[in-house]
Amino acid sequence: MAYWLVKSEPDAFSWDEQVANGVEPWTGVRNHQAKKNLAAMKAGDRAFFYHSNVQRAIVGVVEVVREGYPDPTAETDKWVCVDVKAIAPMPTPVTLAQIKAEPTLEDLALVRQSRLSVCPVSAEHWQILCDMGGWQEPT
DNA sequence: GCCAACGTTGGC
DNA sequence: GCCAACGTTGGC
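First residue of the first sequence: 1, per the UniProt record's numbering; consecutive thereafter.
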């Protein structure tokens with residue numbers, strides 16, 4: 001299983017909406033590197049749901065339930081989206097400031113390339129971030 | 001609201 | 001194919 005982090009501006013699409021809708025298509029990505037990451041997602045992969053701009057924190061965990069398919073909101077079929085399902089909120093949101101203050105996370109794509117809206121997360125980083133947010137995989 | 005980083009566009 | 005100009009994103 002792979003791990004990811006997806007960003008959304010809460011003004012455009014928030015975690016609350018994700019929870020209310022359950023399964024939601026993750027559309028609107030118009031960046032080739034982000035698209036590549038989307039296309040690499042597999043069903044069952046996990047992703048952090050990150051609020052950019054006003055809150056700047058990881059606020060929840062989602063699961064990929066449908067792998068890459070053409071983005072219906074794009075004019076052409078060259079862009080990709082996936083469907084994600086809300087799994088659980090972060091008991092304690094992990095803020096960008098906390099992430100930046102953590103030396104073991106300095107290589108996180110979120111930190112190194114702040115404008116990339118879909119980035120990979122290593123298993124090690126995933127675990128660290130889960131610990132910071134107080135979230136445990138249900139057993 | 002400002003600015004840095006980065007992507008895209010268009011002239012040459 | 002290079003590079004300057006411009007637009008967008010996102011942190012502060």
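Just so you know, even glycine gets a beta-carbon here, dropped at the ideal spot from N, CA and C.
Because the structure is a prediction, the values reported are computed rather than measured.
Exclusion of the five residues before and after threonine 104 leaves Ile128 as the residues of its chain whose Cβ lies within less than 7 Å of its Cβ. About 16 Å separates the beta carbon of tryptophan 15 from that of valine 118, a gap too long to meet the 8 Å contact definition.
For alanine 20, the enclosing alpha helix (DSSP H) stretches over residues 15 to 21. Bridge pairing for lysine 85: Val23 and Glu63 [DSSP].
With respect to valine 23, aspartate 83 sits close: the two C-beta atoms are nearer than 7 Å. Each residue's CA atom was taken as its position, placing alanine 109 and asparagine 53 some 17 Å apart. No residue range can be given for valine 54, since it is assigned to no beta strand (DSSP E) and is classified by DSSP as neither H nor E.
Taking all protein chains in view, the Cβ of lysine 35 is crowded by 16 or more other Cβ atoms within 10 Å, so the residue is classified as buried. Distance from the CA of proline 10 to the CA of histidine 51, rounded to the nearest whole angstrom, comes to 6 Å. Here arginine 46 really is in contact with glutamate 63; their C-beta atoms are around 6 Å apart, less than 8 Å. Glycine 60 and alanine 86 have their alpha carbons spaced roughly 8 Å apart.
In the three-state DSSP reduction, lysine 7 falls in the strand class (E or B). With respect to the C-alpha of glutamate 102, the residue from Ala2, Met90 and His125 having the closest C-alpha is His125.
Sequence-distant partners of glycine 134 (beyond 5 residues in either direction) whose C-beta falls short of 8 Å from its own C-beta, in its chain, are Met90, Pro91 and Thr92.
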